[in-house]
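For what it's worth, UniProt numbering labels the leading residue of the sequence shown as 1, then goes sequentially.
All residues carry an ideal CB built from backbone N, CA and C; glycine is no exception.
A short worksheet on the structure shown next.
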Amino acid sequence: MASCWSDSDTEDEMMGLRSSLLNALDAIETPAAFASSGEIGFVDPGVFVHGMGPIYLPLEESQARQMIEQAHQAPYGKGSETIIDTSVRNTWELHSGQFELRRPSWNTLLERVVAGVARELDLDSTVHAELYKMLIYEEGAMFKPHTDTEKAPGMVATLVIGLPSAHEGGEVVVNHRGQQKTFKLSNTQCSYASWYSDVVHEVLPVTSGYRWVLTYNLALDASQPRPAGGLQPPDNSYLYKTLKLWVEQDASLGPTSHFWYQLDHEYTEASISLRALKTRDLACVQALYEISTMLPVDIFLAVLEKTEHGTCDYDDDDRYHPYDAMYTEGFHPLEDVTSTTYEVKSLVDLDGKKVLRGRTLDTKSILQADCFEDISPEESYRGYLGNEGPDVTHWYRVTAVAVVARCSTASFLLGGLPKK
């Protein structure tokens, strides 16, 4: 039997329902920000660098240079690789085993800062901070636009605490869904900036002095159930009525109906679950879950993937240096796309338990028309190989919630058994 998305007799009606579902979910809003900042005051954390001794506030150039001698060039993540490239990231780092924060009162202060950030980002009281690194940005240091990799289980955000050190430049610029914020850390006191780990951000070049910061990973405590995170319960009546109409219409049409709604944030296959969702994503999925207790629908979360393969432009030197890494770094735009595939990379229940992976994705079932547009891809590039020219593969990933009519759940899952 035909699904609700393809029955020609009801196409106009179902397109109207599709639009209504999209509008109902888009209308769910939360007051939370995607990034925040604030002043802490002049507080000495008691920095002690092994091999040097105590570091005094505000930071003096002589001690900044000594710390740089102890430090190493900071790498960045590119797909599954860790790369050092000063044209992308140019800063010095000391890992947490190279220094200590010896002031006992610092941990109490940190707890207050983390609690404030949790409120501002609409997280919850189970968030904890893990000291990651100390960074020193000298003149010319910067970090081009990027997102943070998941460095700890349950990581949802990054916290940067600036320590007193005279400098110019080094502002943090964060961008998310068309919104932009710029944070400038204080020269004379401790200050902080925090953002969700999937938010694109950059550190602008330092023009003078030394930008000196501590970085923390903010993670959810996996042993604690996630409360509502301070979200105000939205009025779900319109969503309920629209979803009820969709279910009733679907029941008369067949057993394969479902739809996907793209979420605002990105999540890894390892981390995706209801308790890991952020801000509006959490509100949307909670609303759908609550409605699923009243209507016969099942809710899942998924990572969806678009793969494009084809040919790309190349430098003349590519022909003579096909295996040299310096000729394969950077982004290679596709010139001629030879194949495009769509896949449900991973499907989980709301607890994060894997249900299936490797299912072919029908993009017509996605409510948003431009699901994969404006997504930065991961890339695999191959230079000249014998007589074959260079080619490239791009992967685009988004996270979505799946709503499945309960009478169709079995066929939905059976239709997506893992590939053999």
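- Message: Under 8 Å: do the stretch 15-26 and the stretch 176-194 share three or more Cβ pairs, one atom per stretch?
- Response: no
- Work out the CA separation of Q63 and L110 for me, nearest whole Å. Taking the first residue of the sequence shown as position 1, residue 110 is located at position 110. Taking the first residue of the sequence shown as position 1, residue 63 is located at position 63. Taking the straight line joining both Cα atoms gives about 24 Å.
- Item | Through-space distance from P145 to I299, alpha-carbon basis | Your numbering for residue 299 matches position 299 in the sequence shown. Your numbering for residue 145 matches position 145 in the sequence shown. Between I299 and P145, the C-alpha separation is close to 34 Å.
- Message: Please report whether the beta-carbon of Q98 lies at a distance below 9 Å from any beta-carbon of chain B.
- Response: Chain labels in this structure do not include chain B; a single protein chain is all it has.
- Message: Rounded to whole angstroms, what is the Cα-Cα separation between S408 and D336?
- Response: Counting from one through the sequence shown, the residue named residue 408 turns up at place 408. Counting from one through the sequence shown, the residue named residue 336 turns up at place 336. If you take the alpha carbons of S408 and D336, they lie about 39 Å apart.
- Could you say which of S37, T91, T363 lies nearest to R119 if we only look at CA atoms? On the sequence shown, residue 119 is found 119 positions in, with the first residue counted as 1. The shortest Cα separation from R119 among S37, T91, T363 belongs to S37.
- Message: Just list the residues that DSSP pairs N175 with in beta bridges.
- Response: Taking the sequence shown and counting its residues from 1, the one referred to as residue 175 is at position 175. Looking at the DSSP assignment, N175 forms a beta bridge with Q180, V200.
- Message: What does DSSP give as the partner residue(s) for L123 in the beta ladder?
- Response: Residue numbering aside, residue 123 sits at position 123 when the sequence shown is read from its first letter. Paired residue(s): none; L123 is not in a bridge.
- Hey, could you find the ends of the alpha helix (DSSP H) C284 is sitting in? Along the sequence shown, one-based indexing puts residue 284 at 284. It spans 279-292 - the alpha helix (DSSP H) in which C284 sits, taken as one unbroken run.
- Task: Tell me, to the nearest whole angstrom, how far the beta carbon of D198 is from that of E266; I am working on the premise that it is less than 8 Å.
- Result: Walking along the sequence shown from the start, residue 198 turns up at place 198. Walking along the sequence shown from the start, residue 266 turns up at place 266. Going by Cβ atoms, the distance from D198 to E266 rounds to 4 Å, so yes, they are a contact pair.
- How many Å lie between V113 and T268 at the Cα? As a first step, residue 113 must be located in the sequence shown, where it is residue number 113. As a first step, residue 268 must be located in the sequence shown, where it is residue number 268. V113 and T268: Cα-Cα distance of roughly 27 Å.
- Message: Tell me the rounded alpha-carbon separation between D221 and T242.
- Response: As a working mapping, residue 221 is identified with position 221 in the sequence shown. As a working mapping, residue 242 is identified with position 242 in the sequence shown. Those two C-alpha atoms are separated by around 36 Å.
- Query: Do three or more CB pairs link the stretch 274-292 to the stretch 366-373 at distances below 8 Å?
  - Reply: no
- Classification of T341 by the beta-carbon crowding that lies within 10 angstroms, buried from 16 upward: Position 341 of the sequence shown, counted from the start, is the residue given in the question as residue 341. Under this definition T341 is an exposed residue.
- Item | Three-state secondary structure (DSSP) of L367 | Counted from its first residue, the sequence shown places residue 367 at position 367. Here L367 sits in coil by DSSP.
- Considering only residues of the same chain and omitting the five flanking positions on each side of P377, which have a CB-CB separation below 7 Å? As a working note, residue 377 is residue 377 in the sequence shown. Counting only Cβ-Cβ distances below 7 Å, and skipping sequence neighbours, we find H394, W395, Y396.
- Which residue or residues does DSSP assign as beta-bridge partners of P58? For the purposes of this step, residue 58 is taken as the residue at position 58 of the sequence shown. Looking at the DSSP assignment, P58 forms no beta bridge with any residue, so it has no partner.
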